[in-house]
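Residue numbers (the working numbering): 10 to 489. For glycine and all other residues, C-beta sits at the position ideal for the given N, C-alpha and C. Notes follow the structure.
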Amino acid sequence: MALKLFNTLTRSLQEFAPPAANANKVGMYCCGPTVYDYAHIGNWRTFVFADLVRRTLEFSGLEVRHVMNITDVEDKIIKRVQEQTVSLREFTGRFETAFFADMQTLNCLPPHQTPRATEHIPEIIALIEKLIARGIAYRAGDGSVYFSIEKYRGCGCTYGQLQKLNFDELRVGERVAADDYDKESFADFALWKARVPADGEVFWPSPWGEGRPGWHIECSAMSMKALGETFDLHLGGEDLKFPHHEDEIAQSEGATGKPFVRHWLHAAHLLVEGKKMSKSLGNYFTLRDLLENGFTGREVRFLLLKAHYRETFNFTLDGLHSAKASLARIDECVGKLREVGVQAAACPSDMLKHELQPAGAPPLLVADFSTALADDLNVSAAWAAVFEWVLATNKRLAENTVTAAAASAALADWEKVDAVLGVGAKAAAEIPAEIAALLEARQAARQAKDFKQSDAIRDELKAKAWVIEDTPKGPKLKRI
Ligand SMILES: [Zn+2]
Numbered sequence: 010m011a012l013k014l015f016n017t018l019t020r021s022l023q024e025f026a027p028p029a030a031n032a033n034k035v036g037m038y039c040c041g042p043t044v045y046d047y048a049h050i051g052n053w054r055t056f057v058f059a060d061l062v063r064r065t066l067e068f069s070g071l072e073v074r075h076v077m078n079i080t081d082v083e084d085k086i087i088k089r090v091q092e093q094t095v096s097l098r099e100f101t102g103r104f105e106t107a108f109f110a111d112m113q114t115l116n117c118l119p120p121h122q123t124p125r126a127t128e129h130i131p132e133i134i135a136l137i138e139k140l141i142a143r144g145i146a147y148r149a150g151d152g153s154v155y156f157s158i159e160k161y162r163g164c165g166c167t168y169g170q171l172q173k174l175n176f177d178e179l180r181v182g183e184r185v186a187a188d189d190y191d192k193e194s195f196a197d198f199a200l201w202k203a204r205v206p207a208d209g210e211v212f213w214p215s216p217w218g219e220g221r222p223g224w225h226i227e228c229s230a231m232s233m234k235a236l237g238e239t240f241d242l243h244l245g246g247e248d249l250k251f252p253h254h255e256d257e258i259a260q261s262e263g264a265t266g267k268p269f270v271r272h273w274l275h276a277a278h279l280l281v282e283g284k285k286m287s288k289s290l291g292n293y294f295t296l297r298d299l300l301e302n303g304f305t306g307r308e309v310r311f312l313l314l315k316a317h318y319r320e321t322f323n324f325t326l327d328g329l330h331s332a333k334a335s336l337a338r339i340d341e342c343v344g345k346l347r348e349v350g351v352q353a354a355a356c357p358s359d360m361l362k363h364e365l366q367p368a369g370a371p372p373l374l375v376a377d378f379s380t381a382l383a384d385d386l387n388v389s390a391a392w393a394a395v396f397e398w399v400l401a402t403n404k405r406l407a408e409n410t411v412t413a414a415a416a417s418a419a420l421a422d423w424e425k426v427d428a429v430l431g432v433g434a435k436a437a438a439e440i441p442a443e444i445a446a447l448l449e450a451r452q453a454a455r456q457a458k459d460f461k462q463s464d465a466i467r468d469e470l471k472a473k474a475w476v477i478e479d480t481p482k483g484p485k486l487k488r489i
């Protein structure tokens, strides 16, 4: 089934597929963290969303190259470096490490490449030089370099591809030096910022004098270096649409004369307890705050994956408690399937016997799940498919109509789905191969009526913290 995703660039639902010449390879860029603090739960909504997109593309058989930058030089970072009198690298390194640890806690797949802005200064300078050569960027009196919106539009290029802008408000030649600004104050923006005393030791030499890059040009330089001048997919939070992403398009297309990105995806805002997150309202949470309150990364991930990415989502502590209960339902069902399924390897004769029992019609978990995701990542329908499957499977388990082979097949389906969701209980709940082999040896001993040997294996299993319960459906292994 064709995967459809909403493209911010065309404001429409579009089939997502890389060009035929690229076979099934997809280049995907997600704006990464600005490492000046711990990422908050609103940031994590975007990164968990990016992880869902990547896993969905992989689930559809595409080969994804996932690039996420690290913004390690920018206005807010420089301000804090000066306040704390530490080196830039020491300061950003701390938060970068914390970010990757949090990412792992949330079970986000690590991107294939995580370029740092400070390690791409030559590429950034080269890109600015190209824009100057094409007459789209200019050096201001203080040595800073600005992007000229007027010249860019004069070349027939469109500024305002992701966001409608009112050009009556554009005063030609007016400049904005800050990295972040609002839609109403759009103007020529800084590509290179000349060194000022407040920058301290954070500066690099350039053809225009000492200074540092603007935030937007960093992403243009790193994404094109990693994925080429035109690539498939760029995503981020909707707060980055303007000015950051608009400026990325302008800088890249201004320099290369080619379309920058084919498909743009944006995740909506997150509210916490019904309000915009703010420290003064007491509803500001980093992932670490939630872990300290006894929640797990799994529960947070589950909750962040509950809402459609284009809907504003209200994140609540009640929602986290419900997430815990929902995950327990999945764990219980998958745990029972594992118990039944493990007998398949150990007891082929029992398995045969069970195969004769009616298995009933299992719900089409994988088919329903992939249909839901193909519809612009319709997670509500995807979760509905999961929980209908849990319900139906539990019913069949309670009726004892699940054969060992059917349980193994159901587990294989769940693994496929969980390769996208990433919320499954970890392998600790599974029966290790060594233990399964011992169970198999015990069954063989019993069949050979070597009860001394079978008891010895039972004791060995017990020593390894597993007990065998002999049931009419065959032996079951349980952890002590
Ligand atoms: Zn970016």
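field: First through last residue of the alpha helix (DSSP H) which encompasses E478
entry: No alpha helix (DSSP H) holds E478; the beta strand (DSSP E) holding it covers W475 to T480.
- prompt: Using the C-alpha atoms, what's the distance from E210 back to P131?
  reply: Between P131 and E210, the C-alpha separation is close to 18 Å.
query: Which residues in the same chain as R89 place their Cβ atom closer than 7 Å to its Cβ, once the five residues preceding and following it in sequence are excluded?
result: Within its own chain, the residues whose Cβ lies closer than 7 Å to the Cβ of R89, once the five positions on either side in sequence are excluded, are Y45 and F100, listed in chain order.
message: Between the alpha carbons of R20 and T295, how many angstroms are there, rounded?
response: So the two alpha carbons sit approximately 32 Å from each other.
- request: Sort N31, L136, T380 and D384 by Cα distance to L71 and report the nearest one.
  value: Minimum Cα-Cα distance from L71 among the listed residues N31, L136, T380 and D384 corresponds to N31.
task: Would you mind sorting S153 into buried or exposed? The rule is 16 or more other CB atoms within 10 Å of its CB.
output: So S153 counts as buried.
field: Q93 to L140 span [Cα, whole Å]
entry: Distance between the alpha carbons of Q93 and L140 is about 36 Å.
field: N-terminal and C-terminal residue of the alpha helix (DSSP H) that E24 is part of
entry: No alpha helix (DSSP H) contains E24, which is instead part of the beta strand (DSSP E) from S21 to E24.
query: Using the beta carbon as the reference atom, which residues fall closer than 5 Å to any heavy atom of ligand 1, ordered along the chain?
result: Cβ-based neighbours of ligand 1 within the cut-off: C40 and C228.
field: the stretch 330-343 touching the stretch 407-417, judged by at least three CB pairs closer than 8 Å
entry: With the cut-off at 8 Å, the stretch 330-343 and the stretch 407-417 do not touch.
- prompt: Are there three or more Cβ pairs, one per stretch, closer than 8 Å when the stretch 259-271 is compared with the stretch 298-306?
  reply: No, the stretch 259-271 is not in contact with the stretch 298-306.
field: Local Cβ density within 10 Å of M231, reported as buried at 16 or more and exposed below that
entry: Within 10 angstroms of the beta-carbon of M231 lie 16 or more other beta-carbons, which makes it buried.
message: Can you tell me where the beta strand (DSSP E) holding E159 begins and where it ends?
response: From DSSP, E159 is part of no beta strand (DSSP E) but of the alpha helix (DSSP H) over I158 to G163.
Extent of the continuous beta strand (DSSP E) run through L242: Unbroken beta strand (DSSP E) run through L242: F240 to G246.
field: Delimiting residues of the alpha helix (DSSP H) encompassing G36
entry: Careful: G36 lies outside any alpha helix (DSSP H), inside the beta strand (DSSP E) at K34 to C39.
Cβ-based neighbour list, Q366, same chain, cut-off 7 Å, excluding 5 preceding and 5 following: Only weak support is given to the placement of Q366: the predicted model assigns it a pLDDT of 38, under 50, and the value that follows is read from those uncertain coordinates. Here the set comprises T410 and T412.
task: Compute the Euclidean distance between the alpha carbons of F311 and I339, then round it to the nearest angstrom.
output: Approximately 12 Å, taken between the alpha carbons.
task: May I have the straight-line CA-CA distance separating A391 from C117, to the nearest angstrom?
output: Cα to Cα, the separation comes out at about 19 Å.
field: Which listed residue (F25, Q91 and G51) has its alpha carbon closest to that of R63
entry: Checking every option, the nearest Cα to that of R63 belongs to F25.
query: Considering R521, what are the terminal residues of the alpha helix (DSSP H) in which it resides?
result: As displayed, the chain neither begins before 10 nor continues past 489, which places residue 521 out of reach and without an answer.
- request: Report yes or no: do the stretch 164-176 and the stretch 283-293 share at least 3 C-beta pairs separated by less than 8 Å?
  value: Short answer: they don't touch.
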